[in-house]
Structures are given as structure tokens and as C-alpha cells.
Amino acid sequence: FVSTRSNTIWQSVPMLDRLAKISDTDRTTQTRIINTVVSINSVNPTNVGIVRSLFGWGMDNFSIAYENFYDPSIQRYEGTWFDRAHNTVMDVLVMNGVLGLIAYLLLWFTILKSIFKNMRGESGEHNNKFVLLGLGALFFVTAYLVQGLFIFDQISMYIPIYMFIGYMGTKFGYDDQRGNDFRDVGKSYLIGTFALASLTSAAVVLLVFIPFRQMTLAVTVPKMGDPVLFENRLHDMIYPYNYIQEEVRTRLMSSLGNSLDVERVRNMEIELMGLQREYIDNNQTKPSSVAALGYAYTQLGRQEKNSATLEEGEKVLRRMVEISPRRQEMYYYLANNLILQGKFDEAKSITDAAYRLEPNGLKAELFWLVVFSPMDWTGEDGTLSRLETLFSKEGSFVNPRDLVYLRDSYKNYFHYFIRVKDTIGFRNTLAQAIKMEEVIDRTSKWQLEQGFIKEPIKSVIDGLKEGLSLSM
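When you line the sequence shown up against the working numbering, it's residues 330 to 801, in that order.
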């Protein structure tokens, strides 16, 4: 199979087709290799000290460790925020440390040892009663551990896993001679069992049911598009405070960001931003949560033309860059904020620095262009030709998200020039925006003819030209 995997026969067989396409240059393979190296670096005692190495970064804190040791080269293949290593062993190592990984591996070693032990009787001969059961259990454990090298555990996976562990403990570890009559156990044992059951029940309510309800509301209520309903349920979504609130508040801020022109929505956004700001000022936070807060400040400052709000956003975004200094996207968010404040030279400087982190990154060229293009009035930076080159090669297609990046870039310059009443700057940027859109229009038509994109890109050139004529 290995020597003939490039054959079309293998690549047309379900499941085998994925194996046939795997190579050491495959995007997914490279991403997983880089993630593994980053994971190991994040618990290397020479990097983080012996305590962090032994005990890890804490449950669900993989993303924090990941950003501390982020490898910019991964941006050649992927720009996703990773909150898991896509490798269960690496997840356990990073979150629980070396001691946690040893305990995890000992658990499975004990289960495997129990299986083999019970497949043979005390005389060493096969115990027919347990052979079939043992083979099935062995298959289950092997399948789980192998798949764990490529994916991460999910809630749907925990249910069968813990059912299996409980069943194995009962089947292979329970002594039939002990009996199960409660009258055989002591009073203190019963009291302890009752107390443990009560604590477990309380923990399930506080740590499972309430967070689940809060997240369910945070997902469903914004989709209904009713600000009154959102306001009425806001308290239920953000209280009581618990571990899920960082994610809930980030999600709620993002859902409100497109409706800031409604006063009720704006007030709720400000309340959420204050709560999230308080959280990140006092806790170890995920970089994505800090990015969302900084973006929210930037959007609100742009909407209200408020310099103080933009400055607060800049502070948050600078902290974001400190937390994740190797991710190019972080510099893009900060640059947009600086543009809205008129700090053009600084925006260009940090964009240049971000580009140098990984010039071959998937979005490196695009992020550079969205900052430099709108003010390249004389063509000195050659941004229009670079933009045309970017969208004239196979594999780099005009897509809706890239259009948002490009069009938001010149809109941010518009907002600043309008706020400071700089007519010349506004007109020059508007004229440059028309040239940018002409490049987008020309390259998107070519991509449509080549079959690289399926639908034509809606042109906004006429609207921009009308705006330019009115500003004269």
C-alpha cells in the first residue's frame, strides 16, 4: 500500500483515500508536527521551570501555553486558533504536566494489565470466560489510544470511555466473594458514600448544568435578533460567575458588534466589555478573548467617533500582542486601531514587523496590503501591482472574508479623515480605494472565467466614484 498509494485505485476507496494522500509535506501533517513541537516546548523545564513542567498549565489552558510558544511558520499552513493539540497525549502533557501524563498512562497500563491477567487463569492457561471479552476490550483500548494521536477528546467521547472504565473495573476488579449487601458495610462507610454522592450532585449542578445553560443561552438568544429578549436574558447568561464566562462574554460581545447603532445594544455591549475587561485584568486569559475585547473597543470607538474608546482598545490590543507576539493577525487588529487614531506610521511599522515574522504566511501579504494600500496615493509602495499579483495566482482567490479585510481597511482611513475633517486625505484615499476595487473587479472576473470562484464579486466602484464626485 505504501509503495502504491499514489495509484488512483487507492485514492478512490473510502477511508483509504485519506491515508493514500498523507505525506510529510501535507498541510495537515505539517500542522500536527509543529503543534507537537510547540506542546513539548511549552513544558520544557528550561523554558517554563520545573513546577510548570511537572504540573502543566491547567485544564483547558492549552491555548495559553500554545500562544507563549507559537511557531510563526505554522501560518504557512493554518491560521486557526488552536485550543487543543489534536493529540490527546500532548493535550494531557501540556495541561496536566509530566505527572499528569504519567498518571494518565498508568491508568491505561493498569487496564491493559487487567485485561491480559484475566484472559489467563491462575494456572496460566486461557480463561475462556474472559478471552472474548478481553479481546473486545483490547480492541477498544487500542482503537481509542491510536485515534488519540490524531484528535482530541470531546464530550461525546467521554461517555463511552468512562462507561468502559467503569465496566472494566466491575468485571475484572470486583470480587464475587465479597457480596453486595449494604448490611455488610459499616455506618461510617454509608455516611461517607452519601456525603460523596451529595458533593458530586452539587458539583454536577454548579460545574455542568449551570455553565451548559449559560452557553446554550449565549448561542441561541443572539440568533433571535431581539435586543429586548437579549437584555432580559443577559443576567442569566453572565451570572453566576464561573469558568465558562470568558467564552460566554467573548461570544456575546462578538454577536452584538454588528448592531452598535441601536442604543440598547450599545449599552449592553459596554456592560459586557467592562465585565470582560475586569476578567482579563485579573486572570490568565486566552489570547482570543483579549483580541475579541480589543476588537470590540475598536468597533465601538469607530461607531461613536470616540478617541478615548479607541485608546482603550489600543491598550487591550497591545496587551494582546504581548501575549501572542508571533501571530501576524494580532498586529493587523492593532494596526486597524492605530489607523482610526491617525497613527499611520506606527501602523505601517508594526505591519512590516508582522510581515517579517513569516513572509510566506497564508495571510501575510493580504494583511500588509490592507494597511499600506489605502494610503499608497503615489504608488511608491507598489501596492496595486502586489494586490493584482496576489489575486492573479491559482490558490489565492478573492473570497468574502478577504473582501471584508480590504474594504474595512480603506473605510478605517475614511473614518479618521472624516472625524478630523481632512478633506484632502479623504479624497486621496477615496481615489485609491477606487483603484483597489478596480483591481479586485478585474482579478475576480479572471478567477470566475478560470473556474476558481463560482459567483461574481459585487462591484462597489460606482458608489465610490459617486462619493468622490460629491466630495469635489
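Think of the CB as a built atom: it goes at the ideal place given N, C-alpha and C, for glycine as much as any other residue. These numbers come from a predicted model, not from an experiment.
{"query": "Three CB pairs or more closer than 8 Å across the stretch 598-617 and the stretch 570-584", "result": "yes"}
{"query": "Supposed contact pair Ser-773 and Ile-786 - C-beta distance, whole angstroms, cut 8 Å", "result": "4 Å"}
{"query": "Residue environment, Gln-476, which counts as buried when at least 16 other CB atoms sit within 10 Å", "result": "exposed"}
{"query": "For Tyr-624, the nearest candidate out of Leu-797, Gln-613, Glu-658 and Leu-777 (CA to CA)", "result": "Glu-658"}
{"query": "Straight-line Cα distance separating Leu-669 from Ser-636", "result": "9 Å"}
{"query": "Contact check, Val-427 vs Ser-382, beta carbons under 8 Å", "result": "yes"}
{"query": "Pick from Arg-361, Pro-616, Leu-622 and Ser-721 that is closest to Arg-656, judged by C-alpha positions", "result": "Pro-616"}
{"query": "Span separating the alpha-carbon of Thr-752 from that of Val-699", "result": "21 Å"}
{"query": "Distance, Val-470 Cα to Ala-621 Cα", "result": "40 Å"}
{"query": "Cβ neighbours of Asp-482 in the same chain (closer than 8 Å, five flanking residues each side left out)", "result": "Thr-417, Asp-420 and Ile-490"}
{"query": "Same chain, Cβ closer than 6 Å to Asn-689, five either side skipped, listed in chain order", "result": "Arg-405"}
{"query": "Assigned secondary structure, Asp-681 (DSSP; H/G/I helix, E/B strand, else coil)", "result": "helix"}
{"query": "Distance between Phe-398 and His-744 (C-alpha atoms, nearest Å)", "result": "36 Å"}
{"query": "Residue from Arg-748, Lys-740, Val-727 and Gln-761 whose Cα sits closest to the Cα of Phe-781", "result": "Val-727"}
{"query": "Burial state of Arg-578 (16 or more Cβ within 10 Å)", "result": "buried"}
{"query": "Element boundaries [alpha helix (DSSP H), containing Val-366]", "result": "356-371"}
{"query": "Exposure of Leu-519, with buried meaning 16 or more beta-carbon neighbours within 10 Å", "result": "exposed"}
{"query": "N-terminal and C-terminal residue of the alpha helix (DSSP H) that Val-594 is part of", "result": "592-611"}
{"query": "In chain order, each beta strand (DSSP E) run of at least 3 residues that lies wholly inside the stretch 604-656", "result": "none"}
{"query": "Cβ-Cβ separation, Asn-364 to His-415 (assumed contact under 8 Å), whole Å", "result": "6 Å"}
{"query": "Supposed close pair Phe-391, Val-423 - CB separation, criterion 8 Å", "result": "5 Å"}
{"query": "Whole-Å CB distance - Leu-713 paired with Val-789, under 8 Å assumed", "result": "That pair is no contact at about 17 Å."}
{"query": "Inter-residue spacing [alpha-carbon to alpha-carbon] between Gln-761 and Ile-484", "result": "51 Å"}
{"query": "Simplified DSSP state of His-415, which is helix, strand or coil", "result": "coil"}
{"query": "Straight-line Cα distance separating Thr-499 from Thr-522", "result": "18 Å"}
{"query": "Contact set for Asp-705: own chain, Cβ-Cβ below 6 Å, skip 5 residues either direction", "result": "Thr-712"}
{"query": "Buried versus exposed, by CB contacts within 10 Å (16 or more), Ile-652", "result": "buried"}
{"query": "Distance, Glu-592 Cα to Leu-546 Cα", "result": "22 Å"}
{"query": "CA nearest to the CA of Lys-677, picked from Tyr-487, Pro-540, Ile-480 and Asp-710", "result": "Asp-710"}
{"query": "Check whether Ser-402 and Glu-687 have beta carbons under 8 Å apart", "result": "yes"}
{"query": "Spatial distance of Pro-540 from Ala-532 (CA atoms)", "result": "11 Å"}
{"query": "Ser-583 in three-state terms, based on DSSP", "result": "helix"}
{"query": "Rounded C-alpha distance that separates Asn-741 from Leu-639", "result": "12 Å"}
{"query": "DSSP state of Met-497 mapped onto helix, strand, coil", "result": "helix"}
{"query": "Sequence-distant residues of its chain with Cβ nearer than 8 Å to Val-366 (five each side left out)", "result": "Asp-400"}
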